[in-house]
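The sequence shown begins at 958 in the working numbering and counts up one residue at a time.
By construction, the Cβ of each residue, glycine as well, lies at the ideal position given by its N, Cα and C atoms.
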Amino acid sequence: MAKRHENKRISVLPDDSPDTSEIGLVLENEPLFKKRRQRGIRPGIIIVAALIAVLLIVGGVYLYVSEQARAAEERAAIALAEEEALRKQQEEDQAKYDAIMHSGKYLPGVTVEGVSIGGMTRAEAESALQSLIDERTPKGSLTLSYDGKTYQFDLSTLVATSNLDVVLNDAGKLAQSNDMQTALSQAEDVEKNGKNYTLTTQYDFNTVTEYVKGLAAELNQSVKNASIGTVDTVNHTVTMSDAVPGVTVKETELVSAMTNAILTNNHAPIAIPAETVEPEVKGEHLQMIEITAETSFKGSTSNRIFNIKKGADLINGKVLAPDEVFSTNDTLGVRTYSNGWKEANAYVSGTTDLQAGGGVCQLSSTLYNAVVKADLEVVYRRNHSMPVSYISKGLDATINSVGNIIDFKFKNNTGSDLVIFAWTSGKTVYFKISRCAFNTTEYDEIRLSAEKVSTVYPDGEMVVTLDPTLAPGTEVIDVPTSNGSVYQSYKHYYKNGQKVRTEKLAQSTYRAFAGSKRVGPELIVTPTPDLPVITPEPITTPDPIIVTPEPNPGPIIIDPAA
C-alpha cells in the first residue's frame, strides 16, 4: 500500500516580491513546477469572478429596475381601479341623491304609527293612513243619564282634526339637504334604523261645552219651597204646591267626563253629575192659617157700597211674595170718576164732602186690622182726622190718592207667599189673609184693642164768616166745634185662648175743631111814621161752644169717609 503523503500548506513569501500581501501556496513534497503553474491560473479566476460579480450586479440592477417597474404598474393599475371605483361610487351616490331629492317619495324605513310609507308618494301615504284617521274619528253617540232619563250626544257633531299634514310634511323633509353626503347619511340612517311618526287627533270640545250648557239649562231647577198653588177667589181658599228640590248640573265635571270618554273611545253611559239642594220649606212643614177681619157698611149709600165692592174686587186674590210690600193705593189705583169710581162722602177738615171713591177707607181700615192680627209688618199707616163709625177708635187707616197722598202699606215678613182675600156679603165687607203658621210656639192668635189716653181741645174760637147770600139774621154751621182725642192701640198675644203678653201697637190722634159758621146780614128795622113804632124781638143766638182753635189748622184734609 502506497504511503500517503500529507499535504501541508506552506506560506512562501518570495524574497523579491515587493508586495508582502501576496501569498503563495505550495504543497509540501510537491514538485516546484506545480507551484509555478498555480501562479499562472490566478488572474483568470479573478477575471471570471469579476465578470460574475458584474453579471450579478447587472442582474440585480435589472431585477430591481424590473421589480420597481412592475410595482409601479401595479400601483398605477390599483390607482386606476380605485379611481374608477370612486367614479362609479360618485355616480351611484349622485343617482341616489338625485332620487332622494326629486323622487317625490318617502324614504325607505319611514313609518306612521307602524304603517310603512317608504317609497310612497304623498297621495299614496294619505290613502294608506286614511284607515287610521277613520279609526280615530268619533262615531255613534254618548249616552248621558239623569233621574231615569237618557240624553244622546251625537259624536258626529264633534269636529276632529289630526296632525297628518304635519307628519307627512316632516317625513318629506328627511334627507332633503343641499349637502349630498349629509342627505345620503340621513337616508342610510332612516333605512337602517327606521323613523316612526306618531299620529295624533285633536277635537274641538267647544261642541261638548255648548251641548252641556244647553243640557244644564234644561235640567237646572231652582229650589222651590212649598208655596201657594191655586187661589180660589170665589170660595176664598188656597191649595198648596209641593216643594221642589233645586238641581244644578256640574257642567265642568260633565264636560271632563265626556271629553275623557271621547279620547279613550269609551262609550259607556255617563251619569250626569248634579248638585241637589233640598227646599227649606216642604209641604208637611207649611201649615196655612187664616186671619180675618170684617166691618159693616149698613146704612151706606148705594154709591159708597159700589166703591167698597169695587175696591174689594181689586184686592181679592192678591198674592204677596216674601218681603213684598203691599200698597193699597197701587192696588186700587187713583180714585177718579174717569176710573169708574162713584161719588160718596169723604172727610174734609172736620166735615164731609162728596168725593170720587168715597168709602174706600173702610177697606183700608178693615185690611189694617187683618194685617195686624196676621202679625205682618206695617210699613205705613195713618188714622183719619176724625173717628169713623164702622171701626173702633184707634184701629182705622185712611188712604187718599188725589192731592194729599196717603197710603196704607204693609210687608210680607212670613218667608213664604200669602194671599189676601176681600169680598162683600150682605152689608159686611170681609178680609181674610191666608199665611203660613206663626213662626213661634209662644202664641197662636192676636187680638186688638184701643183705649183713649187723652182729650184734645180746640185752640181758639169758632170762625164766623159773613155770607151776604144768607137771609139777615140767619147762620149756617159748616164745621161743628168738637174736641179731639188720642187713642193707644194694643196687640194681645194668645195661646190656646190664654193671653200671654200685650204690646203697644200705635197711637192715633183725632183732631179738635174750633168750628166755623156763616152768618147773614144783620136785620135792620125802619119805623114807619104812620104806624106805631114796633120794637122787634131780639134774635136769640145759641151760645156757641167756646173752644180754643189750633193756631194753624194746616191744609184741608180729605179722608174718604166710611
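**OP:** Whole angstroms is fine: what's the gap from Met1077's alpha carbon to Gln1178's?
**Re:** On the sequence shown, position 120 is the one that residue 1077 refers to. On the sequence shown, position 221 is the one that residue 1178 refers to. Approximately 59 Å, taken between the alpha carbons.
**OP:** Consult DSSP for Asp1055 and reduce its assignment to one of helix, strand or coil.
**Re:** The residue labelled residue 1055 in the question sits at position 98 within the sequence shown. DSSP, reduced to helix, strand and coil, places Asp1055 within a helical segment of the structure shown.
**OP:** Helix, strand or coil for Val1291, going by three-state DSSP, please let me know.
**Re:** Translated into positions along the sequence shown, residue 1291 becomes position 334. If DSSP states are grouped into helix, strand and coil, Val1291 belongs with coil.
**OP:** Give me the Cα-Cα distance between Val1421 and Gly1477, rounded to the nearest whole angstrom.
**Re:** Translated into the one-based positions of the sequence shown, residue 1421 becomes position 464. Translated into the one-based positions of the sequence shown, residue 1477 becomes position 520. Using only the alpha carbons, I get a separation of about 10 Å.
Original post:
What are the start and end residues of the alpha helix (DSSP H) that includes Ile1362?
Top reply: By one-based count along the sequence shown, residue 1362 stands at place 405. Note, Ile1362: premise wrong, no alpha helix (DSSP H); not H, not E.
Subject >> At least three beta-carbon pairs within less than 8 Å, the stretch 1288–1298 to the stretch 1261–1271 >> reply: Short answer: they touch.
Original post:
Are there 16 or more other CB atoms within 10 angstroms of the CB of Ser1259, so buried, or fewer, so exposed?
Top reply: Numbered from its first residue, the sequence shown carries residue 1259 at position 302. Result: exposed.
Original post:
If you count every other CB in all the chains shown that lies within 10 Å of the CB of Leu1375, and 16 or more means buried, which is it?
Top reply: Position 418 of the sequence shown holds residue 1375. Buried.
Original post:
Is it the case that the Cβ atoms of Asn1350 and Ser1284 are separated by a distance below 8 Å?
Top reply: The residue you call residue 1350 lines up with position 393 of the sequence shown. The residue you call residue 1284 lines up with position 327 of the sequence shown. The residue you asked about is not Asn; residue 1350 is Lys in the sequence shown. At the C-beta level, Lys1350 and Ser1284 stay beyond 8 Å of one another.
Subject >> Buried versus exposed call for Val1067 [16 or more other C-beta atoms within 10 Å across all chains shown] >> reply: Mapped onto the sequence shown, residue 1067 falls at position 110. Buried is the call here.
**OP:** Taking Glu1232 as the reference, give the member of Glu1210, Thr1249 and Tyr1400 with the closest Cα.
**Re:** The residue labelled residue 1232 in the question sits at position 275 within the sequence shown. Minimum Cα distance to Glu1232 is reached at Glu1210.
Original post:
Whose C-alpha, out of Glu1251, Gln1455, Ala1463 and Asn1453, is nearest the C-alpha of Lys1384?
Top reply: The residue labelled residue 1384 in the question sits at position 427 within the sequence shown. Checked all of Glu1251, Gln1455, Ala1463 and Asn1453; the closest Cα to Lys1384 is Glu1251.
Subject >> Sequence-distant residues of its chain with Cβ nearer than 7 Å to Tyr1400 (five each side left out) >> reply: Position 443 of the sequence shown, counted from the first residue, corresponds to residue 1400. These residues qualify, in order along the chain: Tyr1450, Tyr1451, Lys1452 and Val1457.
Original post:
If we count the other Cβ atoms within 10 Å of its Cβ and call it buried at 16 or more, is Tyr1304 buried or exposed?
Top reply: Walking along the sequence shown from the start, residue 1304 turns up at place 347. Buried, by the Cβ-count rule.
Subject >> Proximity of Val1206 and Ile1229 at Cβ, strictly below 8 Å >> reply: Locating residue 1206 in the sequence shown gives position 249, where the first residue counts as 1. Locating residue 1229 in the sequence shown gives position 272, where the first residue counts as 1. Closer than 8 Å, so yes.
Subject >> CA nearest to the CA of Glu1175, picked from Ala1278, Met1058 and Lys1106 >> reply: Locating residue 1175 in the sequence shown gives position 218, where the first residue counts as 1. Measuring C-alpha to C-alpha distances from Glu1175 to each of Ala1278, Met1058 and Lys1106 identifies Lys1106 as the nearest.
Original post:
Quick one: what does DSSP say Lys1170 is sitting in, helix, strand or coil?
Top reply: Position 213 of the sequence shown, counted from the start, is the residue given in the question as residue 1170. Look at Lys1170 here: in three-state DSSP terms it is helix.
Original post:
DSSP on Ile1403, reduced to helix/strand/coil?
Top reply: Reading the sequence shown from its first residue, position 446 is the one you call residue 1403. Reduced to three states, the DSSP call for Ile1403 is strand.
Original post:
Rounded to the nearest angstrom, how far is the Cβ of Leu1405 from that of Val1329, given a contact under 8 Å?
Top reply: Residue numbering aside, residue 1405 sits at position 448 when the sequence shown is read from its first letter. Residue numbering aside, residue 1329 sits at position 372 when the sequence shown is read from its first letter. Contact between Leu1405 and Val1329 holds: CB atoms are separated by about 6 Å, below the 8 Å threshold.
Subject >> Identified DSSP bridge partners for Ser1119 >> reply: Looking up residue 1119 in the sequence shown gives position 162. DSSP lists Thr1158 as partners of Ser1119.
**OP:** Look up Ile1266 in the DSSP assignment and say whether it is helix, strand or coil.
**Re:** By one-based count along the sequence shown, residue 1266 stands at place 309. Sequence check: residue 1266 is Lys here, not Ile. DSSP places Lys1266 in helix when its eight states are reduced to three.
Original post:
Is there contact here, the stretch 1347–1363 with the stretch 1316–1325, by at least three beta-carbon pairs under 8 Å?
Top reply: With three or more CB-CB distances shorter than 8 Å, the stretch 1347–1363 counts as touching the stretch 1316–1325.
**OP:** Return yes when the Cβ of Phe1254 is within less than 8 Å of the Cβ of Lys1299, no when it is not.
**Re:** Here residue 1299 refers to the residue found at position 342 of the sequence shown. Here residue 1254 refers to the residue found at position 297 of the sequence shown. With contacts defined as CB atoms closer than 8 Å, Lys1299 and Phe1254 fail to qualify as a contacting pair.
Subject >> Closest residue to Val1069 among Ala1034, Tyr1154 and Gly1129 (Cα-Cα distance) >> reply: Counted from its first residue, the sequence shown places residue 1069 at position 112. It is Tyr1154.
Original post:
Using 8 Å as the threshold, is the stretch 1406–1418 in touch with the stretch 1428–1446, meaning 3 or more CB pairs across them?
Top reply: Cβ pair count under 8 Å is three or more, so yes.
**OP:** Specify, as a first and last residue, the run of the beta strand (DSSP E) that Ile1348 falls within.
**Re:** Here the question's residue 1348 lines up with position 391 in the sequence shown. Looking at the DSSP string, Ile1348 is not in any beta strand (DSSP E), and its letter there is neither H nor E.
Original post:
Would you say Met1058 reaches chain D, if we count a Cβ-Cβ gap shorter than 8 Å as a contact?
Top reply: In the structure shown, chain D does not exist; there is a single protein chain.
Original post:
Taking the runs of the alpha helix (DSSP H) that are 4 residues or longer, which of them lie wholly in the stretch 1412–1496?
Top reply: Segments of the alpha helix (DSSP H) lying fully in the stretch 1412–1496: there are none.
Original post:
By how many angstroms is the C-alpha of Val1015 removed from the C-alpha of Asn964?
Top reply: Residue 964 sits at position 7 when you count from the first residue of the sequence shown. Residue 1015 sits at position 58 when you count from the first residue of the sequence shown. Any reading at Asn964 must be qualified, since the residue scores a pLDDT of 46, below 50, and its modelled position is unreliable; the value itself is stated next. Spanning the two alpha carbons is a distance of roughly 40 Å.
Subject >> Beta-carbon contacts of Leu1112 that lie in its chain and below 8 Å, excluding the five residues immediately before and after >> reply: Translated into positions along the sequence shown, residue 1112 becomes position 155. Closer than 8 Å at the Cβ level, and outside the excluded window around Leu1112, lie Pro1095, Lys1096, Gly1097, Ser1098, Leu1099 and Ile1219.
**OP:** Check each candidate in Gly1186, Tyr1387 and Asn1126 and name the one with the smallest Cα separation from Leu1064.
**Re:** As a working note, residue 1064 is residue 107 in the sequence shown. Of Gly1186, Tyr1387 and Asn1126, the residue nearest in Cα terms is Asn1126.
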